[in-house]
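Numbering (our numbering), first residue to last: 5 to 114. Every residue, glycine too, gets a C-beta built ideally from N, C-alpha and C. Please read the structure below before turning to the comments.
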């Protein structure tokens, strides 16, 4: 997700292009820090509409990562070389539409 002020209009009215750290790599690690898989964000994303509340106007950009082994329970993600964040396998494997829908009720961090 990218805040609206760090995006440009995309190729269609409901799309956007991230200007901050565009196309950075996202890496998935196991709990011991071993790199399991990685992928790069798509160039364009979706500009979220008013039904997304606090997130309206922000840019949702998808990073598809294939080949993540299952059964580890907890994984660590790192985007663009930043801090690592813990994520459950259940959350990691949610379909894109379910990830997207969560932004309708999720509070935006301050």
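According to DSSP, residues forming a beta bridge with residue i
{"i": "residue 41", "result": "32"}
{"i": "residue 88", "result": "82"}
{"i": "residue 98", "result": "None; residue 98 has no bridge partner."}
{"i": "residue 49", "result": "20"}
{"i": "residue 67", "result": "45"}
{"i": "residue 12", "result": "21"}
Exposure label - residue i; buried when at least 16 CB within 10 Å
{"i": "residue 55", "result": "exposed"}
{"i": "residue 106", "result": "exposed"}
{"i": "residue 62", "result": "buried"}
{"i": "residue 52", "result": "buried"}
{"i": "residue 85", "result": "exposed"}
{"i": "residue 16", "result": "exposed"}
8 Å Cβ shell around residue i - same chain, five flanking residues per side excluded
{"i": "residue 79", "result": "32, 33, 34, 35, 40, 72, 90, 91, 92, 93, 96"}
{"i": "residue 19", "result": "13, 48, 49, 50, 51"}
Residues of its chain near residue i, where Cβ-Cβ distance is below 6 Å and the 5 sequence neighbours each way are ignored
{"i": "residue 82", "result": "31, 88"}
{"i": "residue 42", "result": "29, 31"}
{"i": "residue 24", "result": "10"}
7 Å CB neighbourhood of residue i in its chain, flanking five on each side removed
{"i": "residue 57", "result": "108"}
{"i": "residue 100", "result": "66"}
Cα-Cα separation between residue i and residue j, rounded to whole angstroms
{"i": "residue 22", "j": "residue 5", "result": "9 Å"}
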